[in-house]
Amino acid sequence: MKEKILVIDDEHGLLEVVEAYLLKEGYEVFTVDNGNEALLMYDEINPDFIVLDLMLPDVSGENICKIIREKSDVPILMLTAKNMEEDKINGLALGADDYLTKPFSPRELVMRIKAILRRTNKGKYGYDNTMISFNNKDILINKDEHIVKKSGEILNVTPNEYEILLLFARNPNKVFTRAQIIDAALGYEFIGYDRTIDAHIKNLRKKIEDDIKDPKYILTVYGVGYKFKGKQD
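Numbering (full-length UniProt numbering), first residue to last: 1 to 233.
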């Protein structure tokens, strides 16, 4: 079955180019040019991936991302004409998995979509059926079902958050720099700021920590990066 990609952008020329590239790669592509129609289309087709422009004429891309994240962990790649670091960090903090700044190469867009979907589908189709748990199953990662549980409750984590947490869980107490996390967890040449990782870590802490001001799992190693601390079951 073809994977369905929803592309949301108000630039019709860009929509046509992106659609052509994705169709060539064998994806089923749906395009919309405004936020309200995008939300309706999302509910109708249940896409496997979303390409989302931040600057839409009616509903902002940030709001669309927030609405979708409340009910799904579908991968989201944001497109932005803004070149401000803070705007990109804010988008990632809302739960986006990646971003590209316009103008961009359609080939790079396709590369990033493929990379994220590979990680998502690897878990979805159960290539690795083992589980990792910490602190009497307070945190449990089921790699067969590609899910994370906290105190028995399934968490809504994005593909990038899942891969970062899995990297940590496989290497407890190992200190990773931000560059190492990008390379090892994201699995491709991610062109971005170190604070990109900080945004993902902040989101993960909100989901797995009892107190984000005093984290017990994901610890900051000042001047270096992060490490994961926990007693593996």
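Cβ atoms here follow ideal geometry from the backbone N, Cα and C, with glycine treated the same way.
### Message
Can you look up asparagine 142 in the DSSP assignment and give me helix, strand or coil?
### Response
Residue state, collapsed to three classes: strand.
### Identity of the residues DSSP links to tyrosine 99 by a beta bridge
The partner list for tyrosine 99 (beta bridge, DSSP) reads Met78.
#### Entry: Distance, alanine 93 Cα to phenylalanine 30 Cα
Computed Cα separation, rounded: 26 Å.
### Task
Please name the residue in His200, Pro172 and Val110 whose C-alpha comes closest to that of lysine 227.
The option with the nearest alpha carbon to lysine 227 is Pro172.
### Message
According to DSSP, serine 105 sits in a beta bridge with which residue or residues?
### Response
Partner(s): none; serine 105 has no beta bridge.
### Query
If you follow the alpha helix (DSSP H) that lysine 149 is part of, which residue opens it and which one closes it?
Unbroken run through lysine 149 is the beta strand (DSSP E), 147–150; no alpha helix (DSSP H).
### Among Gly225, Ile8, Ala184 and Gln180, nearest to lysine 202 - alpha-carbon criterion
The shortest Cα separation from lysine 202 among Gly225, Ile8, Ala184 and Gln180 belongs to Gly225.
### Query
Exposed or buried, tyrosine 99, counting other C-beta atoms within 10 Å across all chains shown (16 or more means buried)?
Taking every protein chain shown into account, the CB of tyrosine 99 has 16 or more other CB atoms within 10 angstroms, so this residue is buried.
### Query
Three-state secondary structure (DSSP) at glycine 225?
Strand.
### Message
Here's a check: name, in chain order, each residue in its chain whose Cβ is nearer than 8 Å to the Cβ of serine 151, leaving out the five neighbours to either side.
### Response
In the same chain as serine 151, and ignoring 5 residues on each side of it, the C-beta atoms closer than 8 Å to its own belong to Asp138, in chain order.
### Task
Let me know the secondary structure DSSP gives leucine 6 once reduced to three states.
Here leucine 6 sits in strand by DSSP.
### Query
Helix or strand or just coil, what does DSSP make of aspartate 53?
DSSP places aspartate 53 within a strand segment (E or B) once states are collapsed to three.
### Task
For threonine 158, I'd like the list of residues in its chain whose CB is within less than 6 Å of its CB, leaving aside the five on either flank, ordered along the chain.
Around threonine 158: Asp73, Gly95 and Asp97.
### Query
aspartate 9 and aspartate 53: beta carbons closer than 8 Å?
The Cβ-Cβ distance between aspartate 9 and aspartate 53 falls below 8 Å.
#### Entry: For aspartate 33, the nearest candidate out of Leu22, Glu25 and Gly61 (CA to CA)
The shortest C-alpha separation from aspartate 33 is found at Gly61.
### Query
Any idea what DSSP makes of glutamate 153, helix, strand or coil?
In the structure shown, glutamate 153 sits in a strand (DSSP, three-state: E or B).
### Secondary structure of glutamate 62, DSSP reduced to three states
Secondary structure of glutamate 62 (DSSP, three-state): helix.
### Message
Buried or exposed, going by whether 16 or more other CB atoms sit within 10 Å of the CB of lysine 118?
### Response
The sequence given here has arginine at residue 118, not lysine. So arginine 118 ends up on the exposed side.
### Query
Do tyrosine 21 and valine 148 have their C-beta atoms closer together than 8 Å?
It is not a contact, given that the beta carbons lie outside the stated cut-off.
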